[in-house]
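Following this note's numbering, the numbering of the sequence shown begins with 104 at its first residue and continues without gaps.
All C-beta atoms, glycine included, are put in the ideal place defined by N, C-alpha and C.
This report refers to the structure that appears directly beneath it.
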Amino acid sequence: MSIGGGEVFNMRECSALHHLAVALRRAAIRRGCAFIAVIACVTTSSAQSDIDLNRCLVTNHLRSVALVETRYLNPEGSEALVTGTGFLISQDGFLLTTARVAGVSEHPARANEAVQSNLRIEVRVGGAGAIPLSAILVSWDEQLDIALLKLPKRQTEWPVMPISFEVNPEPGADIYALGFATLGSFVVVEGAVIDTSAQIEGRLRPMLQTNLSVQPGMSGSPAFDELGTVIGLVASSFDLEPGLSFVVTNTFMRDILSKANVRPVEAGPCHGPDSKDGATDVGVIPECRDPSHGVESWGVQETNSRWSDWRRGGSNPSAWCDELKGRLAERYNAPVFDVLESAEKVRDRSPPFRLIEYQYFCSLRVRSNPTYVLARSQACIK
Numbered sequence: 104m105s106i107g108g109g110e111v112f113n114m115r116e117c118s119a120l121h122h123l124a125v126a127l128r129r130a131a132i133r134r135g136c137a138f139i140a141v142i143a144c145v146t147t148s149s150a151q152s153d154i155d156l157n158r159c160l161v162t163n164h165l166r167s168v169a170l171v172e173t174r175y176l177n178p179e180g181s182e183a184l185v186t187g188t189g190f191l192i193s194q195d196g197f198l199l200t201t202a203r204v205a206g207v208s209e210h211p212a213r214a215n216e217a218v219q220s221n222l223r224i225e226v227r228v229g230g231a232g233a234i235p236l237s238a239i240l241v242s243w244d245e246q247l248d249i250a251l252l253k254l255p256k257r258q259t260e261w262p263v264m265p266i267s268f269e270v271n272p273e274p275g276a277d278i279y280a281l282g283f284a285t286l287g288s289f290v291v292v293e294g295a296v297i298d299t300s301a302q303i304e305g306r307l308r309p310m311l312q313t314n315l316s317v318q319p320g321m322s323g324s325p326a327f328d329e330l331g332t333v334i335g336l337v338a339s340s341f342d343l344e345p346g347l348s349f350v351v352t353n354t355f356m357r358d359i360l361s362k363a364n365v366r367p368v369e370a371g372p373c374h375g376p377d378s379k380d381g382a383t384d385v386g387v388i389p390e391c392r393d394p395s396h397g398v399e400s401w402g403v404q405e406t407n408s409r410w411s412d413w414r415r416g417g418s419n420p421s422a423w424c425d426e427l428k429g430r431l432a433e434r435y436n437a438p439v440f441d442v443l444e445s446a447e448k449v450r451d452r453s454p455p456f457r458l459i460e461y462q463y464f465c466s467l468r469v470r471s472n473p474t475y476v477l478a479r480s481q482a483c484i485k
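Following this line, the structure appears as structure tokens:
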């Protein structure tokens with residue numbers, strides 16, 4: 104028995120490899136390195152309770168990942184073949200991959216209808232051994248390197264990936280990708296976000312720069328965050344140093360995702376390194392009170408009004424209000440200030456030399472000691 108050509112080990116071998124993989128993964132993240140986990144140990148035994156995120160992603164999402172093969176006529180008139188990965192994003196059969204894998208950025212005449220008519224895209228949902236299905240090219244964006252495909256309708260709905268629109272990864276955040284590498288083997292790669300923008304071929308692009316060790320064939324793979332939700336798509340490889348890869352986030356794919364009627368979710372079945380079988384909905388995220396949820400109530404609400412000392416100019420009421428906020432901030436817990444009123448006075452201290460002085464007034468409403476809204480969100484699992 105195998106997945107993508109990988110052998111299945113017995114329980115003892117699987118357990119040893121699992122613990123070794125966890126140790127290597129943690130060490131790799133501390134050193135800023137990527138970690139490759141080829142899925143070799145597969146078991147349905149409930150005795151193994153500690154299932155890591157990599158295993159969870161495969162268990163839940165293998166059936167939503169597809170091997171994509173595109174054939175087209177190049178400018179010389181001969182047939183060319185491009186292979187990569189794609190993933191289902193709607194129950195109607197819409198599938199996302201890269202523009203290069205879809206064959207629409209390999210030649211100058213890519214927008215020509217005659218050229219497009221020569222495209223033949225076959226999709227094998229679930230792996231190289233699946234029955235090939237013909238896909239239609241619906242839309243693409245060459246600048247973002249993304250393409251939307253459509254599979255034929257079927258009696259049952261297509262299994263889809265959990266897509267998130269709330270994509271705000273920071274440098275150092277864990278990131279995962281799964282797809283089909285060389286010869287159709289199914290691979291999970293793990294790494295971290297290096298930067299939230301990427302300088303590629305002399306241009307700044309709206310992509311995450313990561314240290315995912317993406318293998319040939321993984322262009323178009325889904326990229327997951329620690330909640331197990333898809334936050335973007337692994338872009339096609341560029342001629343850069345090994346260990347660098349790029350992810351187009353869903354934030355920049357809103358238009359193309361809307362064409363597929365994608366319904367965003369907060370979390371997927373796999374929501375962290377210690378995900379267990381059976382964790383299948385957003386309820387696995389704990390509730391918490393976090394500033395990102397908004398304020399439910401304030402423990403302190405009061406007004407504070409003051410005049411400044413007399414000054415020789417160079418200021419204004421707004422600047423005095425800012426100064427007053429700074430003085431009062433140390434007295435309160437997480438204060439929020441609102442300016443209710445401001446004014447100024449003028450006096451001449453030394454006629455006939457006209458030494459003009461100013462005094463400023465500011466009245467502030469102060470709210471502090473907030474109680475934040477109780478809710479479930481990514482902030483609760485930090």
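Problem - contact_flag[the stretch 466-475, the stretch 427-443] where n(CB pairs < 8 Å) is 3 or more - result: yes
Practice task
Please classify T201: is it buried, with 16 or more other beta-carbons within 10 angstroms of its beta-carbon, or exposed?
Solution key: buried
Practice task
Alpha carbon to alpha carbon, how far is I234 from A276? Give it in angstroms, no decimals.
Solution key: 37 Å
Handout entry: DSSP state of N419 mapped onto helix, strand, coil
Key = coil
Exercise for the section: Give the DSSP-derived three-state secondary structure of E179 in the structure shown. Expected result: If DSSP states are grouped into helix, strand and coil, E179 belongs with coil.
Practice task
Can you tell me which of the three DSSP states S316 falls into?
Solution key: coil
Exercise for the section: Could you check the C-alpha separation between S316 and V290 for me, to the nearest Å? Expected result: 11 Å
Practice task
Assign I224 to one of two classes, buried (16 or more other C-beta atoms within 10 Å of its C-beta) or exposed (fewer than that).
Solution key: buried
Exercise for the section: Using 10 angstroms around the beta-carbon of W413, count the other beta-carbons present and answer buried if the total reaches 16, otherwise exposed. Expected result: exposed
Practice task
Determine the extent of the beta strand (DSSP E) in which K253 is found, giving its start and end residues.
Solution key: I249 to K253
Practice task
Find out if the Cβ-Cβ distance for the pair I359, D328 is shorter than 8 Å.
Solution key: The beta carbons of I359 and D328 sit no closer together than 8 Å.
Exercise for the section: State the start and end residues of the unbroken alpha helix (DSSP H) segment that holds I359. Expected result: R357 to K362
Exercise for the section: Specify, as a first and last residue, the run of the beta strand (DSSP E) that V469 falls within. Expected result: Counted as a single uninterrupted DSSP element, the beta strand (DSSP E) harbouring V469 occupies residues I459 to Y475.
Practice task
Might you give, ordered along the chain, the residues of its own chain that have their beta carbon closer than 6 Å to the beta carbon of V241, omitting 5 neighbours on each side?
Solution key: L251 and K253
Practice task
Give me the Cα-Cα distance between P319 and P272, rounded to the nearest whole angstrom.
Solution key: 25 Å
Practice task
Use the C-beta contact count for G386: other C-beta atoms within 10 angstroms, 16 or more gives buried, fewer gives exposed.
Solution key: Per-residue confidence for G386 stands at a pLDDT of 32, beneath the threshold of 50, marking its modelled position as unreliable; the derived number appears in the next sentence. G386 is exposed by the Cβ-count criterion.
Handout entry: Given M264 as reference, the closest of Y461, V449, R450 and L160 once Cα atoms are compared
Key = The shortest C-alpha to C-alpha distance from M264 to any of Y461, V449, R450 and L160 is the one to L160.
Exercise for the section: State the DSSP-derived secondary structure class of R434, mapped to helix, strand or coil. Expected result: coil
Problem - Presumed contact (8 Å Cβ cut-off) between V270 and I334, rounded CB distance - result: 5 Å
Problem - Of the residues K362, N177, R366 and S288, the one placed nearest I266, counting alpha carbons only - result: Looking at the Cα atoms, R366 is the closest of the given residues.
Practice task
Return the residue from the list T474, L165 and R434 that minimises the CA-CA distance to G287.
Solution key: L165
Practice task
Tell me, to the nearest whole angstrom, how far the beta carbon of Y475 is from that of D393; I am working on the premise that it is less than 8 Å.
Solution key: 6 Å
Handout entry: Residue burial classification, T406 (beta-carbon count within 10 angstroms, cutoff 16)
Key = exposed
Problem - Secondary structure of D277, DSSP reduced to three states - result: strand
Exercise for the section: Could you tell me if V204 is buried or exposed, where buried requires 16 or more neighbouring beta carbons within 10 angstroms of its beta carbon? Expected result: buried
Practice task
Apply the 10 Å Cβ neighbour rule to Q312 and answer buried if 16 or more other Cβ atoms are within range, or exposed otherwise.
Solution key: buried
Handout entry: Alpha-carbon spacing of P438 relative to N472, whole angstroms
Key = 7 Å
Practice task
Name the residue from R415, A338, N419 and R452 whose alpha carbon lies nearest to the alpha carbon of D248.
Solution key: With distances taken between CA atoms, D248 lies nearest to A338 out of R415, A338, N419 and R452.
Problem - Nearest to R308 (by Cα), restricted to the options A422, Q246, A169 and V449 - result: Closest option to R308, Cα to Cα, is Q246.
Handout entry: For S408: DSSP bridge partner residues
Key = S466
Practice task
Please state if the CB of L281 and the CB of S324 are separated by a distance shorter than 8 Å.
Solution key: yes
Practice task
Rounded to whole angstroms, what's the CA-CA distance from P255 to S400? Just pull it up for me.
Solution key: P255 and S400: Cα-Cα distance of roughly 52 Å.
Handout entry: Span of the alpha helix (DSSP H), counted from its first residue to its last, around C159
Key = L156 to H164
Exercise for the section: Might you give, ordered along the chain, the residues of its own chain that have their beta carbon closer than 8 Å to the beta carbon of R357, omitting 5 neighbours on each side? Expected result: F268
Practice task
Give the DSSP-derived three-state secondary structure of K448 in the structure shown.
Solution key: strand
Exercise for the section: Look at the alpha carbon of A326 and the alpha carbon of Q302, and state the distance between them as a whole number of angstroms. Expected result: 20 Å
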